[in-house]
Amino acid sequence: MINFAKFFIALQPKMDIPNKYYLQLNLRGKLHTWSNPLIMGILNITDDSFYKESCVLSTEQIIEKAGTMLDEGADILDLGAQSTRFGASVISSNVEIERLIPAIQGILKNYPQAILSIDTYYSEVARYCILSGAHIINDISAGDMDTNMLKTVSENNIPFIAMHMQGTPQSMQIQPYYEDVCCEVSNYLQAKLKQASELGIKDVIVDCGFGFGKTIEHNYSLLRNLKAIKNVIQAPILVGISRKSMLWKLFNSSPQEMLPATSALNLFALQQGADILRVHDIKEAVQIRFLHAEYLNPLTLPKKF
Numbered sequence: 000m001i002n003f004a005k006f007f008i009a010l011q012p013k014m015d016i017p018n019k020y021y022l023q024l025n026l027r028g029k030l031h032t033w034s035n036p037l038i039m040g041i042l043n044i045t046d047d048s049f050y051k052e053s054c055v056l057s058t059e060q061i062i063e064k065a066g067t068m069l070d071e072g073a074d075i076l077d078l079g080a081q082s083t084r085f086g087a088s089v090i091s092s093n094v095e096i097e098r099l100i101p102a103i104q105g106i107l108k109n110y111p112q113a114i115l116s117i118d119t120y121y122s123e124v125a126r127y128c129i130l131s132g133a134h135i136i137n138d139i140s141a142g143d144m145d146t147n148m149l150k151t152v153s154e155n156n157i158p159f160i161a162m163h164m165q166g167t168p169q170s171m172q173i174q175p176y177y178e179d180v181c182c183e184v185s186n187y188l189q190a191k192l193k194q195a196s197e198l199g200i201k202d203v204i205v206d207c208g209f210g211f212g213k214t215i216e217h218n219y220s221l222l223r224n225l226k227a228i229k230n231v232i233q234a235p236i237l238v239g240i241s242r243k244s245m246l247w248k249l250f251n252s253s254p255q256e257m258l259p260a261t262s263a264l265n266l267f268a269l270q271q272g273a274d275i276l277r278v279h280d281i282k283e284a285v286q287i288r289f290l291h292a293e294y295l296n297p298l299t300l301p302k303k304f
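Numbered according to numbering that gives the first Met the number 0, the sequence shown spans residues 0 to 304.
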């Protein structure tokens with residue numbers, strides 16, 4: 000096991016973010032390369048979400064929202080049919096499939112170049128969605144809630160997003176506890192990378208799981224130490240903090256009021272080495288990414304500025 004505190008101190012002088020950014024994923028047999036961190040737009044195909052404005056139910060609404068997100072600059076659309084907020088009711092894999100397949104087909108018919116990620120912990124849902132054209136599987140349990148998930152991802156040669164969560168969505172916020180949250184999350188994700196590699200999964204993105212079995216203090220400790228975690232894990236990192244309670248609880252407010260706070264922390268996440276920002280608000284995230292790039296490479300600033 001890694002002594003995370005000592006490792007972090009040892010790495011600090013070496014952790015400057017390089018000016019040359021590079022991310023590569025194999026999506027359904029085609030190699031995609033990006034020179035900037037990616038923006039992932041959230042599409043909640045359910046009426047149960049902590050941020051109701053992200054919910055879209057009809058196929059027409061889904062296609063329209065997807066088009067808007069793509070026009071605003073989303074690189075990936077993340078489709079989820081089940082709420083994973085604390086205390087949410089569990090729905091079956093059959094219900095997820097009924098919601099997701101028409102959405103995937105409708106989006107790809109209208110926007111064939113769209114890259115679709117599927118937010119599910121059911122291997123059966125993953126399999127049907129991949130057959131319908133999905134490109135990435137995003138599992139909040141990193142394969143722990145369905146032991147067939149990693150096998151399904153491997154067999155289909157699909158990139159996998161592995162998230163850390165303590166407990167389940169029904170229990171995760173009941174007194175979450177860690178001796179050292181950064182060390183424990185890092186070790187868990189390292190073990191998942193090893194497991195995925197042994198099964199032949201080539202592209203794995205990791206997610207520290209902000210808000211999933213963590214206190215507010217745990218969340219901010221992870222965010223502050225994200226660079227060190229990335230150096231330990233040596234894998235692309237997704238950050239999903241958009242409008243979450245780690246923001247609005249500090250202001251005794253609500254998710255609806257948290258766009259400025261989300262933007263501030265997303266910029267900090269990029270400075271800490273985030274490779275993907277998972278967000279509700281695409282236009283603002285794209286602007287933040289642009290400003291971050293200019294901070295690193297000021298000579299690229301457009302003449303109009």
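In this text, a Cβ means the ideal position worked out from N, Cα and C, and glycines have one as well. Note that the structure is predicted; figures quoted are calculated from it, not measured.
Use the C-beta contact count for residue i: other C-beta atoms within 10 angstroms, 16 or more gives buried, fewer gives exposed.
{"i": "A268", "result": "buried"}
{"i": "G40", "result": "buried"}
{"i": "Q23", "result": "exposed"}
{"i": "I103", "result": "buried"}
{"i": "T146", "result": "exposed"}
{"i": "G28", "result": "exposed"}
{"i": "L290", "result": "exposed"}
{"i": "Y176", "result": "exposed"}
{"i": "R223", "result": "exposed"}
{"i": "P254", "result": "buried"}
{"i": "S122", "result": "buried"}
{"i": "A263", "result": "exposed"}
{"i": "Q112", "result": "exposed"}
{"i": "Q174", "result": "exposed"}
{"i": "S92", "result": "buried"}
According to DSSP, simplified to helix, strand and coil, what is residue i?
{"i": "V55", "result": "coil"}
{"i": "R223", "result": "helix"}
{"i": "T67", "result": "helix"}
{"i": "H279", "result": "coil"}
{"i": "I200", "result": "coil"}
{"i": "Q174", "result": "coil"}
{"i": "T45", "result": "coil"}
{"i": "M39", "result": "strand"}
{"i": "Q286", "result": "helix"}
{"i": "T32", "result": "strand"}
{"i": "K229", "result": "helix"}
{"i": "L24", "result": "strand"}
{"i": "I61", "result": "helix"}
{"i": "L237", "result": "strand"}
Sorted by chain position, which residues of the same chain lie with C-beta nearer than 6 Å to residue i's C-beta, five sequence neighbours on each side aside?
{"i": "I96", "result": "V124 and Y127"}
{"i": "V349", "result": "Since the first residue shown for the chain is 0 and the last is 304, residue 349 is missing from the structure and cannot be characterised."}
{"i": "D274", "result": "L22, P36, P235 and I236"}
{"i": "D74", "result": "L37 and I38"}
{"i": "Y294", "result": "none"}
{"i": "Q252", "result": "Note on residue identity: the sequence assigns Ser, not Gln, to residue 252. No residues qualify anywhere along the chain."}
Quick check: residue i and residue j, are their CB atoms within less than 8 Å of each other?
{"i": "L56", "j": "L78", "result": "no"}
{"i": "D138", "j": "Y120", "result": "yes"}
{"i": "S116", "j": "L76", "result": "yes"}
{"i": "L276", "j": "A234", "result": "no"}
{"i": "M162", "j": "A195", "result": "no"}
{"i": "R242", "j": "H217", "result": "no"}
{"i": "I129", "j": "I160", "result": "no"}
{"i": "L225", "j": "G272", "result": "yes"}
{"i": "F211", "j": "M257", "result": "no"}
{"i": "P101", "j": "T58", "result": "yes"}
{"i": "L26", "j": "I114", "result": "yes"}
{"i": "I232", "j": "Q189", "result": "yes"}
{"i": "I62", "j": "I44", "result": "no"}
Apart from the five residues just before and just after residue i, which ones in its own chain have a Cβ nearer than 8 Å to its Cβ?
{"i": "L221", "result": "V180, C181, V184, C207, F209, K213 and I228"}
Can you list, in chain order, the residues of its chain whose CB lies under 7 Å from that of residue i, leaving out five sequence neighbours each side?
{"i": "G199", "result": "S153"}
{"i": "V285", "result": "I38, E71 and G72"}
{"i": "I8", "result": "Interpretation of I8 is limited by its pLDDT of 37, a score under 50 that renders its predicted location unreliable; no figure is taken from the coordinates."}
{"i": "K64", "result": "L42 and V55"}
{"i": "I281", "result": "I38, G40, M68, E71, G72 and A73"}
{"i": "S244", "result": "G210"}
Q.
In chain order, what are the residue ranges of uninterrupted alpha helix (DSSP H) at least 4 long that sit wholly in the segment 118-166?
A. Runs found: 122-130 and 148-155.
Q. What beta strand (DSSP E) runs, 3 residues minimum, are completely inside the segment 70-117?
A. Qualifying beta strand (DSSP E) stretches, in chain order: 75-79.
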